[in-house]
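Since the structure comes first, as structure tokens, the remarks are kept for the end.
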Amino acid sequence: MNSHGFTLVREEELREAGGRVRLWKHDVTGAELLSVCNNDENKSFGVSFRTPPKDSTGVAHILEHSVLCGSAKYPVKEPFVELLKSSLQTFLNALTFPDKTCYPVASCNLQDFYNLIDVYLDAVFHPRIDENVLRQEGWHIEADGPDAPWQFKGVVFNEMKGVYSSPDSVLMEECQHAVFPDMLYSLDSGGDPAVIPTLTFEAFREFHASYYHPSNARFFFWGDDPEDARLARVAEVIAPYRKREVRSEVPLQPRLSSPRLLEIPYAAPDGEDADKAHVAVNWLLCESRETEEMFVLNMLEHIISGLPGSPLRKALMDSGLGEDISGCGLEGDLRQAYFSMGLRSIDPKDASEVERVMMDSLADMAENGVPAPAVEAALNSLEFMLRENNTGSFPRGLAAMFRSLSDWLYDGDAFAPLAWEKPLASIKRRLAAGEPVFENAIRRWFLDNPHRVTVLLLPDAGLAAARQAEEDARLAALRAGMSEEERENVVKVAAELRFAQQTPDSQEALDTVPSLTKKDLPVENAVIPCVAEKDGELDVVTHELDTMGILYAGLAFDLAAVPSRLLPLVPLYARALTELGTKRSDYVSLGFEISAQTGSLGAGAVILPRASDAAPVSFLSVSGKCTADKVERMAALMREILEEPDFDNRERFTQMALEEKARMEQAAVPSGHTLVNTRLNGRLSTVGRMAEEMNGVNALFYVRELIRRLETEWDRVREDLVALHACVIRRNGVKLDMTADAALLRAARGPLEELVSALPSRPASALVVELDALPGAELLSIPAQVNYVGLGLSFKGTGYRYHGSQAVILRHLRMGYLWDRVRVQGGAYGCFARYGRATEAFTFASYRDPNVENTLRVYRETADYLGNLSLSEADVTRAVVGAIGDVDAYMLPGAKGATSFSRWMTGETDERRQRVREEILSTKLSDFHDFAPYMAAALEKAVPCVLGGADAEAVAEAEGWTKTRVL
2 MNSHGFTLVR
12 EEELREAGGR
22 VRLWKHDVTG
32 AELLSVCNND
42 ENKSFGVSFR
52 TPPKDSTGVA
62 HILEHSVLCG
72 SAKYPVKEPF
82 VELLKSSLQT
92 FLNALTFPDK
102 TCYPVASCNL
112 QDFYNLIDVY
122 LDAVFHPRID
132 ENVLRQEGWH
142 IEADGPDAPW
152 QFKGVVFNEM
162 KGVYSSPDSV
172 LMEECQHAVF
182 PDMLYSLDSG
192 GDPAVIPTLT
202 FEAFREFHAS
212 YYHPSNARFF
222 FWGDDPEDAR
232 LARVAEVIAP
242 YRKREVRSEV
252 PLQPRLSSPR
262 LLEIPYAAPD
272 GEDADKAHVA
282 VNWLLCESRE
292 TEEMFVLNML
302 EHIISGLPGS
312 PLRKALMDSG
322 LGEDISGCGL
332 EGDLRQAYFS
342 MGLRSIDPKD
352 ASEVERVMMD
362 SLADMAENGV
372 PAPAVEAALN
382 SLEFMLRENN
392 TGSFPRGLAA
402 MFRSLSDWLY
412 DGDAFAPLAW
422 EKPLASIKRR
432 LAAGEPVFEN
442 AIRRWFLDNP
452 HRVTVLLLPD
462 AGLAAARQAE
472 EDARLAALRA
482 GMSEEERENV
492 VKVAAELRFA
502 QQTPDSQEAL
512 DTVPSLTKKD
522 LPVENAVIPC
532 VAEKDGELDV
542 VTHELDTMGI
552 LYAGLAFDLA
562 AVPSRLLPLV
572 PLYARALTEL
582 GTKRSDYVSL
592 GFEISAQTGS
602 LGAGAVILPR
612 ASDAAPVSFL
622 SVSGKCTADK
632 VERMAALMRE
642 ILEEPDFDNR
652 ERFTQMALEE
662 KARMEQAAVP
672 SGHTLVNTRL
682 NGRLSTVGRM
692 AEEMNGVNAL
702 FYVRELIRRL
712 ETEWDRVRED
722 LVALHACVIR
732 RNGVKLDMTA
742 DAALLRAARG
752 PLEELVSALP
762 SRPASALVVE
772 LDALPGAELL
782 SIPAQVNYVG
792 LGLSFKGTGY
802 RYHGSQAVIL
812 RHLRMGYLWD
822 RVRVQGGAYG
832 CFARYGRATE
842 AFTFASYRDP
852 NVENTLRVYR
862 ETADYLGNLS
872 LSEADVTRAV
882 VGAIGDVDAY
892 MLPGAKGATS
902 FSRWMTGETD
912 ERRQRVREEI
922 LSTKLSDFHD
932 FAPYMAAALE
942 KAVPCVLGGA
952 DAEAVAEAEG
962 WTKTRVL
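Residue numbers 2 to 968, in the working numbering, belong to the letters of the sequence shown in order.
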């Protein structure tokens with residue numbers, strides 16, 4: 002069969018993909034196209050290229066950014082951003098891997114889907130990659146004048162400085178390099194900040210010319226769009242090309258004959274953790290194309306490390322040598338898989354002991370057998386995950402594309418990674434026949450595998466300062482080696498870049514970017530089914546949806562009676578319910594049973610503002626998911642953890658506290674904007690203050706103090722846990738939430754209501770939240786080369802009343818004003834603005850930002866910008882389309898149920914949401930102008946909060962901010 006110049010190579014009906022899968026090959030160029038036709042309305046497309054780097058300049062990563070900065074057909078500075086402003090996309094991004102670069106998009110709207118594809122195809126094959134694009138996205142020397150300081154800047158340059166400021170990111174990168182020392186995976190495709198400034202424009206252009214060709218491309222489609230149109234669209238774009246031999250093969254790493262140890266420095270903080278090292282032991286495994294063996298390894302990962310009681314994980318934590326598990330686990334995105342695991346925050350001299358503990362644990366499993374409950378848990382977890390196919394907010398089609406590429410990219414089978422039923426059935430047969438599948442795998446891939454590399458990350462408190470000094474010295478040497486004319490040219494080039502960045506696109510150019518109109522937008526919100534009933538004291542909330550035979554169920558326990566002093570303990574208490582064990586089961590057997598009988602079961606605190614008055618709606622959510630035949634078992638497990646918790650295991654609780662501390666510290670650098678945003682909101686509302694106490698900087702400080710208390714005050718800590726349980730777990734005021742089809746809802750109601758009726762009745766009164774006020778302007782100090790710059794303001798007292806047009810304004814600020822000023826011109830990797838409709842709290846936050854004062858200045862000029870803004874009607878319409886895209890975010894059934902329940906809990910009605918939608922659709926330019934005075938009034942009392950290193954510290958000292966050391 003031939004269509005539009007493509008010949009059909011292979012065709013199969015794959016139940017796992019929900020339809021027909023066809024592999025097509027372009028007759029002229031040899032380009033391959035995988036077409037999955039099913040009934041998924043969330044249509045997905047991607048084009049991927051093998052892009053093997055030859056150095057660590059980050060050229061693949063910089064090019065990934067750069068091709069989206071204008072093209073022949075769409076001659077605007079950033080069509081990617083124009084699409085983000087004006088699309089109903091459910092995914093729009095680009096991703097660089099160590100050996101490939103992928104450009105995926107998704108949308109539920111067919112015309113929007115086609116618009117995204119057209120812009121992306123023109124971007125990758127006909128980009129406008131001039132020298133200014135390289136300077137902006139890659140690197141340049143920022144020089145404001147002949148005598149002004151010089152500085153390296155660039156979006157990717159600053160992004161990677163942020164990566165290299167995170168010990169965990171450095172550990173993962175170095176582990177990959179160590180496992181693959183003799184081939185391209187030993188290089189940093191993202192870019193090493195010390196090497197990025199060596200990338201030349203010629204090498205940049207050559208990389209695109211070499212690899213961005215149809216002969217090196219793999220096209221992917223998924224969903225309910227017409228297949229013929231898929232072929233026609235791609236065929237039209239690649240018609241001018243002829244077949245070319247592209248040397249982009251990814252070689253295999255030769256196997257090492259003996260284990261190795263590598264020691265790498267990392268930028269350690271001052272203080273008590275300044276002497277802590279991190280270690281990971283790494284093994285090279287099979288090729289990722291070995292589908293059945295990869296399934297075995299996925300299950301084995303769950304068996305040995307997936308749960309708190311998994312043997313290898315437990316052995317490491319019980320050793321007391323570190324605070325939490327390190328390493329990425331099983332990495333299967335490369336041509337050869339590898340496994341990485343170890344411990345964080347160890348004494349450097351204990352690295353060999355960590356390795357011994359791991360090898361002894363693995364040897365014990367190989368010799369004495371893997372625990373049968375662990376095998377059952379792994380089988381159920383993997384099968385449930387595959388059948389549910391819950392990819393969260395990430396489109397299912399794109400998840401399938403990345404699975405397929407694990408073999409297809411290396412000239413292998415595009416179908417095999419998608420067809421999981423056969424290898425899963427084979428593994429089950431092997432186990433049933435008595436084959437020691439996992440014991441053999443442990444011997445083959447771990448115990449008898451000499452390709453083992455231990456990476457030890459050693460603390461160096463002076464490394465961050467040394468790196469900055471090296472960068473400054475490098476710039477000074479460059480400057481000293483230039484003639485006066487050459488130095489003036491550097492200033493001129495920087496000025497030309499700023500001018501280009503500040504020059505707006507012409508309306509004619511903007512009009513080339515395809516966009517939906519208001520006529521393409523649904524007038525009404527999609528309503529999620531939600532029925533609330535009263536059954537005695539119990540509120541039962543149900544959402545009747547097709548969940549493919551899976552029940553999503555949860556109990557919401559009011560937290561209003563929790564004393565303020567115990568709020569920081571709630572997250573650890575929630576973990577303790579499933580990770581500390583019960584009177585009936587220790588935590589190891591409980592974890593295996595939960596994993597064997599459910600898709601998940603856990604607890605966590607939820608804090609939301611009530612829609613009418615922003616009063617806290619706080620509850621402990623104890624939720625799980627299971628197949629129809631496991632409902633009674635899941636209800637029994639819920640009852641066990643709620644009725645019979647065991648808070649007596651001091652050793653295990655101490656491990657959990659250390660893990661919590663390590664995870665929060667680990668997240669500080671890569672998620673610094675989240676920490677800043679939480680801190681800012683803590684000053685602006687009661688809900689925000691509670692969230693800060695449970696999840697923010699104060700929560701980290703509490704956990705650190707708790708660890709000290711566990712050594713001398715365990716009885717009092719245990720009493721707090723018991724008291725917390727008594728005031729939370731009671732049937733008074735509990736809410737039952739369920740999402741499933743009608744039959745399953747009926748079947749599940751009885752067992753879950755019976756569970757609730759067995760809980761104790763303990764009436765309790767809500768307590769007033771009494772927490773100390775947070776500091777004003779504040780520096781959160783960490784050893785990092787980048788900053789996360791925030792500003793918080795409240796609209797209370799300004800006279801502003803929420804109107805849906807604010808959603809349009811906010812989107813325009815994020816994707817227009819802030820993108821241009823903070824990211825494009827300032828060099829930050831990202832910038833955000835958020836508004837709490839109920840709390841009236843407005844926050845700005847930047848991400849991996851080289852600046853502080855300039856970014857704060859941009860925030861403070863927002864009102865002036867809005868007041869003087871000039872937008873065409875088309876520009877306003879684009880912003881409206883984007884805002885509707887946010888409102889109509891795509892959700893899978895479980896997420897729909899959870900979202901609907903949250904709306905019910907806070908009093909967010911469908912009628913109110915519809916009114917907001919109508920206000921969004923009717924937004925005009927005058928709404929932007931009308932909002933400006935309220936923004937100006939709020940900005941008068943705005944308070945900054947910055948997470949950062951030496952540069953931020955200098956600003957904080959000059960401005961007299963409070964300094965709070967986080968790391």
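All residues carry an ideal CB built from backbone N, CA and C; glycine is no exception. Please read these numbers as outputs of a predicted model, since none were measured by experiment.
Of the candidates 92, 44, 145 and 228, the residue whose Cα lies closest to the Cα of residue 3 is 228. Pairwise C-beta distances place the region 678-692 in contact with the region 604-622, as three or more of them are shorter than 8 Å. According to DSSP, residue pairing for residue 887 in a beta bridge does not occur. By the CB criterion at 9 Å, residue 456 and residue 175 fall inside the cutoff. The beta carbons of residue 805 and residue 544 sit no closer together than 9 Å. For residue 917, there is no enclosing beta strand (DSSP E); the enclosing alpha helix (DSSP H) covers residues 911-922. Pairing residue 190 with residue 334 gives a Cβ-Cβ distance that is not under 9 Å. A Cβ-Cβ distance of about 18 Å is found for the pair residue 399 and residue 51, leaving them out of contact under the 8 Å criterion. Apart from sequence neighbours up to five positions away, the residues of its chain that approach residue 929 with a beta-carbon distance below 6 Å are 810, 867 and 870, ordered along the chain. Look at the beta carbons and you see the region 491-504 not touching the region 697-707: under three pairs across the two are nearer than 8 Å. For residue 331, same chain residues with a beta-carbon under 7 Å away, outside a window of 5 residues either side, are 298, 299, 302, 338 and 340 in chain order. Secondary structure remark: continuous alpha helix (DSSP H) runs of at least 4 residues inside the region 788-867, in chain order: 806-813 and 854-861. In this structure, the straight-line span from the alpha carbon of residue 835 to that of residue 906 is close to 22 Å. Where residue 21 is concerned, the enclosing beta strand (DSSP E) starts and stops at 20-27.
For residue 154, the uninterrupted beta strand (DSSP E) run begins and ends at 151-154, by DSSP. When rounded, the separation of the alpha-carbon atoms in residue 789 and residue 141 is 21 Å.
DSSP places residue 529 outside both helix and strand once states are collapsed to three, so it counts as coil. In the structure shown, residue 169 adopts helical secondary structure according to DSSP, grouped into three states.
By the criterion of at least three beta-carbon pairs nearer than 8 Å, the region 115-128 is not in contact with the region 197-204.
Each of 287, 276 and 98 was checked against the Cα of residue 192, and the nearest Cα belongs to 98. Rounded to the nearest angstrom, the Cβ distance from residue 729 to residue 618 is 15 Å, too far for a contact under 8 Å. In the DSSP assignment, residue 658 falls within the alpha helix (DSSP H) that extends over 651-668. Under the three-state reduction of DSSP output, residue 116 falls in the helix class. Secondary structure note for residue 267: it is in no alpha helix (DSSP H), and the uninterrupted beta strand (DSSP E) holding it is 261-268. A residue is called buried once 16 or more other Cβ atoms fall within 10 Å of its Cβ, and residue 950 is buried on that count. The residues 645 and 647, in chain order, have a CB closer than 6 Å to that of residue 584 in the same chain once the five nearest residues on each side in sequence are set aside.
Sequence-distant Cβ neighbours of residue 238 in its own chain, meaning closer than 7 Å and more than five residues away, are 122 and 126. Contact annotation: the region 270-285 does not touch the region 240-250, with fewer than three C-beta pairs closer than 8 Å.
A straight-line Cα-Cα distance of about 10 Å links residue 655 and residue 715. In the same chain as residue 953, and ignoring 5 residues on each side of it, the C-beta atoms closer than 7 Å to its own belong to 780, 788, 853 and 947, in chain order. Contact between residue 548 and residue 738 fails: their C-beta atoms lie close to 13 Å from each other, not under 8 Å. For residue 315, no pairing in a beta bridge is given by DSSP. As the crow flies, the alpha-carbon of residue 629 is around 44 Å from that of residue 171. Cβ neighbours of residue 377 within its own chain (closer than 6 Å, five residues either side excluded): 597.
In this structure, DSSP gives residue 452 a state outside helix and strand, which the three-state scheme calls coil. Assigned with DSSP and collapsed to three states, residue 194 falls in coil, not helix or strand.
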